[in-house]
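Numbering-wise (the numbering used here), the sequence shown opens with residue 10 and increments by one. Even glycine gets a Cβ: it sits at the ideal position worked out from N, Cα and C.
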Amino acid sequence: MSIPTESIGSIPRPPQLLEALREFRAGRISQQRLDAYYDEAVRDTLQRFADTGSPVISDGEQTKSSFATYPLQGLNNIAEDGIVIPFADDHTRQLPRLTAGPFRYGVYAGAFVQAAKRYTTRPLKQAVISASALSLLYPPEGIVGYSREAFIDDLVKETVADIRGCLDQGAHHVQIDFTEGRLSVKLDPSKQLLRQFIDLNNRVLAHFTPEQRQRIGVHTCPGGDHDSTHSADVDYANLLPSLFQLEAGNFYMQMASEKDPEHVLAIIKDNL
């Protein structure tokens, strides 16, 4: 029996690109010069993936500003003082905060598919951020003149457009990054937050046909960052079967760091 395989997340950027980013931020090279380094990193990543024989490849997110916040690039209604996410080693990450409506994407992931197609004819996978993750941008105190309900309506439209753009550009699979799923159980053991996340993401998925949903998958993991995680201590038993209530055609569950992978596989079996 063969086991389907495809790439999941980011590939480390090459030293040349990292140096170019430092030079760009210091004002010593132009955007055009930086773009040339980006293009070479994408070409090299795609070629290396192809050399592995992987049936579905990706650009390794070489040009994304962030896997989670790429849609916010270029927006002027975002502040940097949003929700703080703690990690097991006591370091934190802080999400941005929406300051005014309406909410619109600044960058759509379909552009990454279009760029990657210049360098390969192989099946491409594109990762997108979930609506549930971006829902955390809306501040608890609200925004004058822009209700949470209006924000969610706009968010659903934009997330649908993000996924549809990838499919229209010819992506073989679109992967929705749902790292906050496991984290939500840690933040709210009652699982009400997880239920809200599932419902929101299903609102997005409802805009696609059954055939299209077979090309859309959901990725979950314990949120790795700086060799630490935000929710590895949450048993997968607390995420399932809720995860499988998402109306997606594929599920990508990170297993490499699990202390007891056989336990997790048994949970998956019991909930399929």
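Leaving out the 5 sequence neighbours to the left and right, which residues in its chain are closer than 8 Å to residue i when beta-carbon positions are compared?
i: residue 256; result: 211, 214, 215 and 222
i: residue 226; result: 182, 183, 184, 185, 257, 258, 259, 260 and 261
i: residue 253; result: 260, 280 and 281
How long is the line joining the alpha carbons of residue i and residue j, rounded to whole angstroms?
i: residue 88; j: residue 106; result: 5 Å
i: residue 26; j: residue 278; result: 42 Å
i: residue 108; j: residue 157; result: 12 Å
i: residue 41; j: residue 28; result: 15 Å
i: residue 32; j: residue 266; result: 35 Å
i: residue 234; j: residue 22; result: 15 Å
i: residue 67; j: residue 135; result: 7 Å
i: residue 91; j: residue 150; result: 12 Å
i: residue 16; j: residue 65; result: 7 Å
i: residue 258; j: residue 138; result: 17 Å
i: residue 125; j: residue 180; result: 10 Å
i: residue 131; j: residue 59; result: 8 Å
i: residue 36; j: residue 24; result: 18 Å
i: residue 154; j: residue 133; result: 41 Å
i: residue 204; j: residue 45; result: 43 Å
i: residue 162; j: residue 95; result: 29 Å
i: residue 63; j: residue 187; result: 23 Å
Helix, strand or coil: which one does DSSP assign to residue i?
i: residue 54; result: helix
i: residue 168; result: helix
i: residue 102; result: strand
i: residue 277; result: helix
i: residue 260; result: strand
i: residue 109; result: coil
i: residue 125; result: helix
i: residue 184; result: strand
i: residue 93; result: strand
i: residue 120; result: helix
In or out: residue i buried (at least 16 other Cβ within 10 Å) or exposed?
i: residue 240; result: buried
i: residue 39; result: exposed
i: residue 189; result: buried
i: residue 75; result: exposed
i: residue 275; result: exposed
i: residue 272; result: exposed
i: residue 243; result: buried
i: residue 78; result: buried
i: residue 282; result: Residue 282 is absent from the model: the chain starts at 10 and stops at 281.
i: residue 219; result: exposed
i: residue 93; result: exposed
i: residue 80; result: buried
i: residue 238; result: buried
Take residue i and list the residues in its own chain whose beta-carbon comes closer than 7 Å to its own, dropping the five residues that flank it on each side.
i: residue 84; result: 115
i: residue 123; result: 178
i: residue 69; result: 19, 20 and 54
Kindly list the residues whose CB is nearer than 6 Å to the CB of residue i, restricted to its own chain and excluding five residues on each side of it in sequence; keep chain order.
i: residue 52; result: 128
i: residue 171; result: 117, 118 and 137
i: residue 249; result: 276 and 280
i: residue 263; result: 230
i: residue 43; result: 29 and 33
i: residue 224; result: 182
i: residue 167; result: 114
i: residue 47; result: 72
Exercise for the section: Quick one: which unbroken alpha helix (DSSP H) runs of 4-plus residues sit fully inside the stretch 203-254? Chain order, please. Expected result: Runs found: 219-222.
Exercise for the section: Just list the alpha helix (DSSP H) runs in the stretch 14-78, keeping only unbroken ones of 4 residues or longer that don't cross its boundaries, in chain order. Expected result: Correct list: 24-34 and 40-60.
Problem - Secondary structure, beta strand (DSSP E): runs of 3+ residues fully inside the stretch 129-176 - result: Runs of the beta strand (DSSP E) inside the stretch 129-176: 134-138.
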